[in-house]
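Asks: Provided herewith is a single structure, encoded as structure tokens, for subsequent inquiry.
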Amino acid sequence: MSSTTFPEGFLWGGATAANQLEGAYDRDGKGLSIQDVMPRGIVAPPTEQPTADNLKLEAIDFYDRYAEDIALFAEMGFKTFRFSIAWSRIFPCGDEEKPNEAGLAFYDRVLDELEKHGIEPLVTISHYETPLHLAKKYDGWKSRELVGFYQNYCRALFERYGSRVKYWLTFNEINSILHAPLMSGGIWTPKEELSEQDLYQAIHHELVASAAATKLARELAPEARIGCMLIAMPTYPLTPDPADVLAAKQAEHANYAFGDVHCRGEYPGYFLRTLREKGIELDITDEDREVLKNTVDFVSFSYYMSICETADPAKKTKGEGNLLGGVPNPTLEASEWGWQIDPTGLRILLNDYWERWQKPLFIVENGLGAKDQLVEVDGEKTVQDDYRIDYLNDHLVAAREAIGDGVDLLGYTTWGCIDLVSASTAQLSKRYGFIYVDRNDDGTGTLDRYRKKSFDWYRELIASNGATL
Ligand code: BGP
Numbered sequence: 000m001s002s003t004t005f006p007e008g009f010l011w012g013g014a015t016a017a018n019q020l021e022g023a024y025d026r027d028g029k030g031l032s033i034q035d036v037m038p039r040g041i042v043a044p045p046t047e048q049p050t051a052d053n054l055k056l057e058a059i060d061f062y063d064r065y066a067e068d069i070a071l072f073a074e075m076g077f078k079t080f081r082f083s084i085a086w087s088r089i090f091p092c093g094d095e096e097k098p099n100e101a102g103l104a105f106y107d108r109v110l111d112e113l114e115k116h117g118i119e120p121l122v123t124i125s126h127y128e129t130p131l132h133l134a135k136k137y138d139g140w141k142s143r144e145l146v147g148f149y150q151n152y153c154r155a156l157f158e159r160y161g162s163r164v165k166y167w168l169t170f171n172e173i174n175s176i177l178h179a180p181l182m183s184g185g186i187w188t189p190k191e192e193l194s195e196q197d198l199y200q201a202i203h204h205e206l207v208a209s210a211a212a213t214k215l216a217r218e219l220a221p222e223a224r225i226g227c228m229l230i231a232m233p234t235y236p237l238t239p240d241p242a243d244v245l246a247a248k249q250a251e252h253a254n255y256a257f258g259d260v261h262c263r264g265e266y267p268g269y270f271l272r273t274l275r276e277k278g279i280e281l282d283i284t285d286e287d288r289e290v291l292k293n294t295v296d297f298v299s300f301s302y303y304m305s306i307c308e309t310a311d312p313a314k315k316t317k318g319e320g321n322l323l324g325g326v327p328n329p330t331l332e333a334s335e336w337g338w339q340i341d342p343t344g345l346r347i348l349l350n351d352y353w354e355r356w357q358k359p360l361f362i363v364e365n366g367l368g369a370k371d372q373l374v375e376v377d378g379e380k381t382v383q384d385d386y387r388i389d390y391l392n393d394h395l396v397a398a399r400e401a402i403g404d405g406v407d408l409l410g411y412t413t414w415g416c417i418d419l420v421s422a423s424t425a426q427l428s429k430r431y432g433f434i435y436v437d438r439n440d441d442g443t444g445t446l447d448r449y450r451k452k453s454f455d456w457y458r459e460l461i462a463s464n465g466a467t468l
């Protein structure tokens with residue numbers, strides 16, 4: 000029995016993203032986003048037009064069923080719900096001056112429903128859904144013009160929802176642009192043709208835009224708390240050889256840099272060294288340097304797995320992973336998709352981030368993607384997902400112990416609290432939810448919702464504020 004408990008007011012909940020659950024891709028004036036032409040996720044190039052096999056076009060129809068779904072979240076006792084706003088619902092092309100009222104009205108309805116159930120919204124401003132027009136015309140974040148378009152978008156959101164939404168995340172997994180420049184950075188140039196100079200300039204633009212959003216929120220929504228959002232993937236040395244330890248540290252630096260800029264307001268030395276060694280000269284204006292000083296209130300991240308690194312080219316194999324794989328860890332087991340499961344890594348990471356940045360932390364994604372089997376128990380359809388319960392339980396025990404270590408943790412939202420379309424594969428058969436959605440990879444299904452066994456487990460856990468772990 001641990002002596003540590005979760006703090007009062009801990010924000011238990013679930014997380015989603017617009018393109019993976021809303022559907023209604025062309026309703027009420029919405030413009031196309033890059034996801035509408037990515038029917039295979041990150042595993043294949045985009046299509047010219049939306050195609051019938053793109054599951055995201057209808058997704059799980061949250062657009063029409065949000066009230067029913069939020070009622071289910073409330074039944075589990077959610078304290079918070081993380082969702083993203085689809086940029087192209089608000090600015091269909093991304094570069095207009097005035098927002099689309101019908102798009103804004105949809106999120107008013109979602110917020111009304113959350114308010115009704117006393118659920119605190121946690122909003123991601125940009126979650127892998129750059130308007131397609133911005134991708135095609137400007138090459139996404141490669142262009143400095145995106146900073147201004149994003150600023151307009153943020154202004155529209157803070158003006159409309161600033162008094163109702165306290166927690167905001169600027170960009171989902173901002174460091175993922177290093178590995179998925181189209182999905183994460185809206186960069187239309189194929190990855191193989193993209194120069195490092197352009198990629199790093201795009202990173203700079205996003206970092207400036209993120210800090211500018213924080214600055215804007217301070218003016219327009221003083222109660223708002225702004226967080227950055229990182230893919231967290233602790234990297235262990237494959238062996239105790241100091242060369243491996245250094246290689247692991249340098250691999251971590253690629254991700255730390257994004258948190259360092261958000262928390263310290265300037266580029267760290269090791270990052271500037273990387274740029275020098277790559278021969279990259281960034282266009283950084285004096286104004287950019289000033290804007291970057293607007294640091295975040297908290298650090299949020301996704302955590303699914305850890306990886307290893309080695310300096311020995313002969314041992315440098317590459318396993319599967321969340322956008323990026325790494326050298327597999329011989330001590331760990333993996334999910335059906337090869338993501339290595341490591342609850343202890345979460346405790347290590349929480350301590351590490353807390354020591355590094357001394358900002359409150361928020362786990363905004365964690366979970367197990369699995370192929371679920373719908374069965375009938377006592378006349379009710381359900382899924383006996385003990386594997387998911389085990390995964391979540393073990394990670395939450397690690398989080399609790401990190402709190403005991405002194406980490407300031409604001410909350411925990413499981414990824415895909417209701418089954419939705421997977422980001423990497425664009426399929427529905429990789430499920431994360433407490434709620435099963437009847438839709439298959441071929442698009443068939445009733446879209447009916449069913450409570451899984453984990454639904455009751457999570458409800459009891461939240462009701463006890465984590466005591467039932
Ligand atoms: C993160 C993304 C999510 C999400 C999750 C699970 O990287 O922020 O959008 O989908 O990973 O990944 P997948 O859906 O590929 O299993």
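Using numbering that gives the first Met the number 0, the first residue of the sequence shown is number 0, and each one after it goes up by one.
Ideal Cβ placement from N, Cα and C applies to all residues, glycine included.
Sorted by chain position, which residues of the same chain lie with C-beta nearer than 6 Å to Pro45's C-beta, five sequence neighbours on each side aside?
Replies: Looking up residue 45 in the sequence shown gives position 46. Around Pro45: Val36, Met37.
Asks: What separation, rounded to the nearest whole angstrom, lies between the Cα atoms of Val295 and Thr213?
Replies: Numbered from its first residue, the sequence shown carries residue 295 at position 296. Numbered from its first residue, the sequence shown carries residue 213 at position 214. Cα to Cα, Val295 sits roughly 7 Å from Thr213.
Asks: Considering only DSSP beta bridges, list what Tyr235 is partnered with.
Replies: The residue given as residue 235 occupies position 236 in the sequence shown. Its beta-bridge partners are Cys307.
Asks: Within 10 angstroms of the Cβ of Asn439, are there 16 or more other Cβ atoms? Answer buried if so, exposed if not.
Replies: Locating residue 439 in the sequence shown gives position 440, counting from the first residue. Taking all protein chains in view, the Cβ of Asn439 is surrounded by fewer than 16 other Cβ atoms within 10 Å, so the residue is classified as exposed.
Asks: To test your reading of the DSSP string, which unbroken alpha helix (DSSP H) runs of 4 or more residues are found completely within the stretch 174-212?
Replies: 180-184
Asks: Where do the N-terminal and C-terminal ends of the alpha helix (DSSP H) with Pro38 fall, by residue?
Replies: Position 39 of the sequence shown, counted from the first residue, corresponds to residue 38. Taken as a continuous stretch (DSSP letters only), Pro38 belongs to no alpha helix (DSSP H), as it is neither H nor E.
Asks: Give a yes or no on whether the C-beta atoms belonging to Leu54 and Val420 are separated by under 7 Å.
Replies: Stepping through the sequence shown from its first residue, residue 54 is reached at position 55. Stepping through the sequence shown from its first residue, residue 420 is reached at position 421. A contact, by the Cβ cut-off of 7 Å.
Asks: Who are the near neighbours of Leu422 in its chain, counting only those whose CB is closer than 8 Å to its CB and skipping five residues on each side?
Replies: Sequence index remark: in the sequence shown, residue 422 carries index 423 (1-based). The residue asked about is misnamed: residue 422 is Ala in this sequence, not Leu. Within the same chain, Ala16, Gln19, Gly40, Ile41, Tyr127, Met182 come within 8 Å of Ala422 by CB-CB distance, once the 5 residues on both sides are set aside.
Asks: Can you tell me whether DSSP reads Trp338 as helix, strand or coil?
Replies: As a position in the sequence shown, residue 338 is number 339, starting the count at 1. The answer is coil: DSSP assigns Trp338 none of H, G, I, E or B.
Asks: Any heavy atom of the ligand BGP inside 6 Å of the beta-carbon of Asn174?
Replies: The sequence position of residue 174 within the sequence shown is 175, counting from 1. Annotation for Asn174 indicates a beta carbon at 6 Å or more from all heavy atoms of the ligand BGP.
Asks: Would you mind reading off the limits of the beta strand (DSSP E) that contains Val406?
Replies: In the sequence shown, the residue the question calls residue 406 occupies position 407. No beta strand (DSSP E) contains Val406, which DSSP labels as neither H nor E.
Asks: Using a 10 Å radius around the Cβ and a threshold of 16 neighbouring Cβ atoms, would you call Thr445 buried or exposed?
Replies: Taking the first residue of the sequence shown as position 1, residue 445 is located at position 446. Under this definition Thr445 is an exposed residue.
Asks: I'd like the span of the alpha helix (DSSP H) that includes Phe105, first residue to last.
Replies: Taking the first residue of the sequence shown as 1, we reach residue 105 at position 106. It spans 100-115 - the alpha helix (DSSP H) in which Phe105 sits, taken as one unbroken run.
Asks: Does Pro49 come out as helix, strand or coil in the three-state DSSP assignment?
Replies: Translated into positions along the sequence shown, residue 49 becomes position 50. Here Pro49 sits in coil by DSSP.
Asks: Could you tell me which whole alpha helix (DSSP H) segments of length 4 or greater appear in the stretch 425-468?
Replies: 452-462
Asks: Please report the distance separating the alpha-carbon of Ile161 from that of Thr316.
Replies: On the sequence shown, residue 161 is found 162 positions in, with the first residue counted as 1. On the sequence shown, residue 316 is found 317 positions in, with the first residue counted as 1. Checking the sequence, you will find Gly at residue 161 rather than Ile. When rounded, the distance between both Cα atoms is 47 Å.
Asks: What separation, rounded to the nearest whole angstrom, lies between the Cα atoms of Lys29 and Ala155?
Replies: Start at 1 with the first residue of the sequence shown, and residue 29 comes out as number 30. Start at 1 with the first residue of the sequence shown, and residue 155 comes out as number 156. Taking the straight line from one Cα to the other gives about 15 Å.
Asks: Quick one: what does DSSP say Glu375 is sitting in, helix, strand or coil?
Replies: Counting from one through the sequence shown, the residue named residue 375 turns up at place 376. In the structure shown, Glu375 sits in a strand (DSSP, three-state: E or B).
Asks: Would you call the stretch 255-269 and the stretch 318-335 touching, i.e. three or more CB-CB distances under 8 Å?
Replies: no
Asks: Would you mind sorting Ala101 into buried or exposed? The rule is 16 or more other CB atoms within 10 Å of its CB.
Replies: Residue mapping note: residue 101 aligns to position 102 of the sequence shown, counting from 1. Exposed, since its Cβ has fewer than 16 Cβ neighbours within 10 Å.
Asks: Rounded to whole angstroms, what is the Cα-Cα separation between Arg81 and Val436?
Replies: Sequence index remark: in the sequence shown, residue 81 carries index 82 (1-based). Sequence index remark: in the sequence shown, residue 436 carries index 437 (1-based). Arg81 and Val436: Cα-Cα distance of roughly 18 Å.
Asks: Grab the span of the alpha helix (DSSP H) containing Gly147 for me, first residue to last.
Replies: For the purposes of this step, residue 147 is taken as the residue at position 148 of the sequence shown. Start and end: 144-160.
Asks: Given Pro236, which residues of its chain have a CB within under 6 Å of its CB, disregarding the five upstream and five downstream residues?
Replies: Here residue 236 corresponds to residue number 237 of the sequence shown, with the count starting at 1. Asp243, Val244, Ala247, listed in sequence order.
Asks: Going by the C-beta, is Gly471 closer than 6 Å to any heavy atom of the ligand BGP?
Replies: The requested residue 471 is not part of the displayed model; the chain covers only 0 to 468.
Asks: Is the beta carbon of Tyr302 less than 7 Å from the beta carbon of Asn365?
Replies: Your numbering for residue 302 matches position 303 in the sequence shown. Your numbering for residue 365 matches position 366 in the sequence shown. Contact flag set, yes.
Asks: Give the straight-line distance between the Cα atoms of Ile33 and Asp138, rounded to the nearest whole angstrom.
Replies: Within the sequence shown, residue 33 is the residue found at index 34, counting from 1. Within the sequence shown, residue 138 is the residue found at index 139, counting from 1. Spanning the two alpha carbons is a distance of roughly 11 Å.
Asks: Within the present structure, is the beta-carbon of Lys55 separated from the nearest heavy atom of the ligand BGP by less than 6 Å?
Replies: For the purposes of this step, residue 55 is taken as the residue at position 56 of the sequence shown. No, the ligand BGP has no heavy atom inside 6 Å of this Cβ.
Asks: Could you tell me the alpha carbon to alpha carbon distance between Lys370 and Leu427, rounded to whole angstroms?
Replies: Locating residue 370 in the sequence shown gives position 371, where the first residue counts as 1. Locating residue 427 in the sequence shown gives position 428, where the first residue counts as 1. Taken atom to atom, the span from the alpha-carbon of Lys370 to that of Leu427 is near 9 Å.
Asks: Expressed to the nearest angstrom, what Euclidean distance is found between the alpha-carbon atoms of Lys314 and Glu251?
Replies: Translated into positions along the sequence shown, residue 314 becomes position 315. Translated into positions along the sequence shown, residue 251 becomes position 252. Counting only the Cα atoms, Glu251 lies some 18 Å from Lys314.
Asks: Check this for me: beta carbons of Gly93 and Phe148, under 7 Å apart or not?
Replies: In the sequence shown, counting from the first residue as 1, residue 93 sits at position 94. In the sequence shown, counting from the first residue as 1, residue 148 sits at position 149. Yes, Cβ-Cβ distance for Gly93 and Phe148 is below 7 Å.
Asks: Where Leu113 and Pro329 are concerned, what is the direct C-alpha to C-alpha distance, given to the nearest angstrom?
Replies: Counting from one through the sequence shown, the residue named residue 113 turns up at place 114. Counting from one through the sequence shown, the residue named residue 329 turns up at place 330. Cα-Cα distance, rounded: 44 Å.
Asks: Answer with buried or exposed for Val406, where buried requires no fewer than 16 other C-beta atoms within 10 angstroms of its C-beta.
Replies: Your numbering for residue 406 matches position 407 in the sequence shown. Classification for Val406: buried.
Asks: Are the stretch 274-282 and the stretch 205-219 touching, with three or more C-beta to C-beta distances below 8 Å?
Replies: Flag = no, the stretch 274-282 and the stretch 205-219 do not touch.
Asks: Rounding to the nearest angstrom, what Cα-Cα distance links Asn464 and Pro239 in this structure?
Replies: Residue 464 sits at position 465 when you count from the first residue of the sequence shown. Residue 239 sits at position 240 when you count from the first residue of the sequence shown. If I take the Cα positions, the gap works out to 39 Å.
Asks: Please identify the residue among Pro120, Tyr106, Asp447, Glu286 whose C-alpha is closest to the C-alpha of Lys165.
Replies: In the sequence shown, residue 165 corresponds to position 166, counting from 1. It is Pro120.
Asks: Is Ser423 close to the ligand BGP? I mean its beta-carbon at under 6 Å from any heavy atom of the ligand.
Replies: By 1-based counting over the sequence shown, the position of residue 423 is 424. For the ligand BGP, at least one heavy atom lies less than 6 Å from the Cβ of Ser423.
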